[in-house]
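S.K.: Chains as they are written, first to last, in this note's numbering: chain E, 471 to 927; chain W, 471 to 927.
Below is a structure I'd like to ask you about.
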């Protein structure tokens, strides 16, 4: 289980704090709504799976400035003119806002809010950096995992990437997100403890090398882990190691292939194991795998029962970032929300608090989403954003990660195949309601600057 | 300053613990040496800058199993046959080994050990996952940062990528590594506090959008931060915002361009600022920058004084992982070290504890490295691996991050230009000593398996 503890409010970008000081000194305290969404899907991706909300909400409930944090800010050269009252405000700072979000495991697409924060503007700004990195990272990994799992066509995929993740904590969070995306488990023991994810391990080359004698090391390992031994067979020569296992009378649960031509080797290994009546011994493969390699191995007839996937999964190697943004959509000075939008975008973003509705075809499969103004309703469609936090407190405990994984599995089962393709996925239809279009036009007209361009002035 | 505290030993892969149990139950306790290195440099990279050692050593000094951690393992299905004595051993587990490493900020190349652990084999195995993710992540980011900084040709580069990093903690570590690689600072306030890195902030679109009136928001911000205001000018229309600044009589320290054609816009903005006697107002640019975009902007005459670089830097987007490995190189049962090597590699790796020597040309520039057996010495070359930890305790406090940055700067100044090119960098010469080649051959002969291949048996 996650251990809730104080989260430092310094896990933010400095400009959030300089802006906070400016708002404070100016007595500028509207309620602001920010929406977090992904601008566009990375190449090859036909969908996203929302993930990371539990960690985001844990942060919002526990974010504080410690006395030391405040000392650091007071000494910062940018803050020399900031009043003592602001630092007093930080002493008592906590998040008091409201949050709407897609449940973890929900299919999401470009430009759809994954989460909305409505809070006093200072609070809503300060939490931006943490929310973005938490939600977009886990969403990215869960989405990648779903692709790898799909490529494996029902075979188990275990997340093995902690050693290549972006630091130890990234490894733990990647394991959680990969499980949400459909992995059977992870090698990361901390993730197992913190989130209740099944953990799996095999055997490293170093074990065999340390003993020096391959047969001896296999015997030792299998005697201690008779039901769990996955014997790694490529330390010296894969096929020779299989003969060693057979001649020694060992009956490992699995053998792991980690190098060489996995199609040819797996077929030869399967044949030899079957000839020796080791028909229950499964073949586990690893070694720089990703969804494309796995799909290719299976298409070429590899006899592999399960996969360990590391770097490609824990870093989303082919697309290691999502274009996540957190945009101010309205401010409210007590007279009702007033929509906001940035006009310099290459592509319009829409003002106002939104709802997202998902529609289904007659066969139950998803046919498209509508992003609408919060005042709108589409009674035949499913609304995807739920209120999950009010006045800074969660409305319900987060679901267990197993439930989230199950939700993701169900969601994917309703996504038509063209959007699930590994390559050339069809774009899922997401449209903005005409009410939102109308509000955008209204703001465009209102905010166009009166000052002339240099050439004209 | 980093807060040393207990690090959970569960930040590891499960197989490290199953192997540990197997070693323990078998009373197999040699001293083992593992070397951590990067197999090959990513595309476009001509060098690496070693980073992350401080966090690695902090982990080694503080890694422990809590009572809860042990409960988790006892309940794990793989451990049902493991004796109570093993769990008692874990209760007192701490790292007692010796560590040799390259100082942070040292230039490193493929196949050169960045770090060597010599410890009882169980200890050396359990720490593998943490060491790999910590050292390879920071090394990757520091190396990327050096490229971005080089592209900026002396202009400041500020790391802005926390929101796109792989979780909040990855953002903090990326900020540290980016600073080592030559960045002027970071936007990440926690990194500023923890490591003493300068932090910088500008202004977000949301601030301007919240006020609605761009001029009003500029005035407010500049009045509070007269020496630090970086006014963001692209919320509505960049050139119109510059006219607003001029007509309002503001004198911002900088203006930030975040979208549009940065070459054309920066030249127009510079011209208008200069015409209005705002010659001290600098132009800061951001928005999906990397080393290639920056080099191109400057080559095309952009008038930019400083850069904010986010996603590309904090995720090393074009190469988001390094092929870091941690290889057993020898074991010692009390009769002296016996070399170990895995023979299934496509490319040979070398057995035995090693030293790395760096040679210089007559002009002082580096001419190539030799990876040698630890018994060898090259008196005219500089040895790069130092003993940094004995019996689990650091021999000296880690240098301050400013010293590390300075070391990296000096190192890079001695690297001939062909290895520093952004594209098509020349391969730096790294050769293995003939003594190591001899030892490899010796082991190849000894470890070739006597069992025949299936076709021949």
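Ideal Cβ positions, reconstructed from N, Cα and C, are used throughout, including at glycine.
Measuring CB to CB, does residue 775 of chain E end up less than 8 Å from residue 501 of chain E?
M.R.: It is not a contact, given that the beta carbons lie outside the stated cut-off.
S.K.: Given a cut-off of 8 Å on the beta-carbon distance, is the pair residue 531 of chain W and residue 639 of chain E in contact?
M.R.: Contact: no.
S.K.: Anything in chain E within Cβ reach of residue 485 of chain W, meaning under 8 Å, just list it in chain order.
M.R.: Ordered by position in chain E, the residues that pass the 8 Å Cβ test against residue 485 of chain W are 657, 671, 672, 673, 674.
S.K.: Using only the alpha-carbon positions, how far apart do residue 558 of chain W and residue 670 of chain E sit?
M.R.: Straight-line Cα distance between these residues: approximately 23 Å.
S.K.: I need the DSSP call for residue 843 of chain W, collapsed to helix, strand or coil.
M.R.: The answer is strand: DSSP assigns residue 843 of chain W an E or B state.
S.K.: Keeping to the same chain, check which residues put their C-beta closer than 8 Å to that of residue 499 of chain E; ignore five residues upstream and five downstream.
M.R.: The answer, listed in chain order, is 493, 590, 591, 592.
S.K.: Is the shortest distance between the beta-carbon of residue 540 of chain W and the beta-carbons of chain E less than 8 Å?
M.R.: Taking Cβ atoms only, chain E never reaches closer than 8 Å to residue 540 of chain W, which makes this a no.
S.K.: Please decide whether residue 593 of chain W counts as near chain E, where near means a Cβ-Cβ distance under 8 Å.
M.R.: Not closer than 8 Å to any Cβ of chain E, the Cβ of residue 593 of chain W fails to qualify, so no.
S.K.: Measure the CB-CB distance between residue 729 of chain W and residue 754 of chain W and report whether it falls below 8 Å.
M.R.: Not in contact: residue 729 of chain W and residue 754 of chain W (Cβ atoms no closer than 8 Å).
S.K.: Short of 7 Å in beta carbon distance, which residues of its chain neighbour residue 865 of chain E, apart from the five on each side in sequence? Order them along the chain.
M.R.: Correct list, in chain order: 857, 858, 859.
S.K.: Any C-beta of chain W within less than 8 Å: which residues of the stretch 629-660 of chain E qualify?
M.R.: Under the 8 Å Cβ criterion, the stretch 629-660 of chain E contributes 630, 632, 633, 634, 635, 636, 637, 638, 639, 640, 641, 642, 643, 644, 657, 658, 659, 660.
S.K.: Report all residues from its chain with a CB closer than 7 Å to the CB of residue 768 of chain W; omit the five preceding and five following residues, and keep chain order.
M.R.: Closer than 7 Å at Cβ, skipping near neighbours: 623.
S.K.: Using the beta-carbon count (16 or more within 10 Å), is residue 598 of chain W buried or exposed?
M.R.: With 16 or more Cβ atoms within 10 Å of its Cβ, residue 598 of chain W is classed as buried.
S.K.: Assuming residue 642 of chain W is part of the alpha helix (DSSP H), what are its boundary residues?
M.R.: From DSSP, the alpha helix (DSSP H) with residue 642 of chain W extends over 638-650.
S.K.: Among the candidates W:719, W:844, W:641, whose CA atom is the shortest distance from the CA of residue 827 of chain W?
M.R.: Taking only the C-alpha atoms, the option nearest residue 827 of chain W is W:844.
S.K.: Under 8 Å between C-beta atoms, does residue 690 of chain W make it to chain E?
M.R.: Interface residue, yes.
S.K.: Is the stretch 695-702 of chain E in contact with the stretch 570-581 of chain W, if contact means three or more CB pairs nearer than 8 Å?
M.R.: With the cut-off at 8 Å, the stretch 695-702 of chain E and the stretch 570-581 of chain W do not touch.
S.K.: How would you write the range of the alpha helix (DSSP H) that residue 733 of chain W sits in, first residue to last?
M.R.: First-last of the alpha helix (DSSP H) with residue 733 of chain W: 732-745.
S.K.: Under 7 Å Cβ-Cβ, which residues of chain W neighbour residue 790 of chain E?
M.R.: 785, 787, 790, listed in chain order.
S.K.: Could you name the residues of chain W that residue 552 of chain E contacts, counting a contact when the two beta carbons are closer than 8 Å?
M.R.: Within 8 Å Cβ-Cβ: 694.
S.K.: Could you tell me which uninterrupted alpha helix (DSSP H) segments, each at least 4 residues in length, are contained entirely in the stretch 689-718 of chain W, listed from first to last along the chain?
M.R.: If we require 4 residues or more, the alpha helix (DSSP H) runs fully inside the stretch 689-718 of chain W come out as 708-717.
S.K.: Using CA atoms only, rank isn't needed, just tell me which of E:490, E:561, E:478, E:601 is closest to residue 794 of chain E.
M.R.: Checking every option, the nearest Cα to that of residue 794 of chain E belongs to E:601.
S.K.: Have a look at W:706, W:903, W:659 and flag the residue whose alpha-carbon is nearest the alpha-carbon of residue 547 of chain E.
M.R.: Comparing Cα-Cα distances from residue 547 of chain E to each of W:706, W:903, W:659, the minimum goes to W:659.
S.K.: Only counting the same chain, and skipping five residues up and downstream in sequence, which positions put a Cβ closer than 7 Å to that of residue 540 of chain E?
M.R.: The answer, listed in chain order, is 557, 560, 561.
S.K.: Check each candidate in E:906, E:626, E:664 and name the one with the smallest Cα separation from residue 481 of chain W.
M.R.: Looking at the Cα atoms, E:664 is the closest of the given residues.
S.K.: To which residues of the same chain is residue 521 of chain W closer than 6 Å at the C-beta, ignoring the five residues directly before and after it?
M.R.: Cβ within range, chain order: 574, 608, 609, 612, 647, 650.
S.K.: Leaving out five residues before and five after residue 927 of chain E in sequence, what residues of the same chain have Cβ atoms less than 7 Å from its Cβ?
M.R.: Bear in mind that the predicted position of residue 927 of chain E carries a pLDDT of just 32, short of 50, making it too unreliable to give a figure here.
S.K.: In whole angstroms, what separates the C-alpha of residue 922 of chain W from that of residue 757 of chain E?
M.R.: Because the pLDDT of residue 922 of chain W is 38, which lies under 50, any placement of that residue in the model is unreliable, and the number read from its coordinates should be weighed accordingly. Spanning the two alpha carbons is a distance of roughly 25 Å.
S.K.: Closest to residue 932 of chain E by CA distance: which of E:529, E:487, E:508, E:476 is it?
M.R.: With chain E running from 471 to 927 in the structure shown, residue 932 of chain E is simply not present.
S.K.: Note down the Cα distance separating residue 678 of chain E from residue 813 of chain W, rounded to an integer number of angstroms.
M.R.: Cα to Cα, residue 678 of chain E sits roughly 12 Å from residue 813 of chain W.
S.K.: If you measure between the beta carbons of residue 523 of chain W and residue 605 of chain W, is that distance less than 8 Å?
M.R.: Yes, they are a contact pair.
S.K.: Please name the residues in the stretch 485-499 of chain E whose beta-carbon is closer than 9 Å to at least one beta-carbon of chain W, in chain order.
M.R.: Against chain W - using a Cβ distance shorter than 9 Å - the residues of the stretch 485-499 of chain E are 485, 486, 487, 488, 489, 491, 492, 493, 495, 496, 498.
S.K.: Take residue 760 of chain E as the anchor and find which of E:644, E:778, E:709, E:838 has the nearest alpha-carbon.
M.R.: Cα-wise, what sits closest to residue 760 of chain E is E:778.
S.K.: Counting only Cβ pairs nearer than 7 Å, list the residues of chain E close to residue 599 of chain W.
M.R.: Ordered by position in chain E, the residues that pass the 7 Å Cβ test against residue 599 of chain W are 632, 633.
S.K.: With distances taken Cα to Cα, identify the nearest neighbour of residue 620 of chain W among W:704, W:515, W:804, W:823.
M.R.: Ranking the options by Cα distance to residue 620 of chain W, first place goes to W:515.
S.K.: Using a beta-carbon distance cut-off of less than 9 Å, what residues from the stretch 608-623 of chain W approach chain E?
M.R.: Cβ contacts with chain E: 608, 610, 611.
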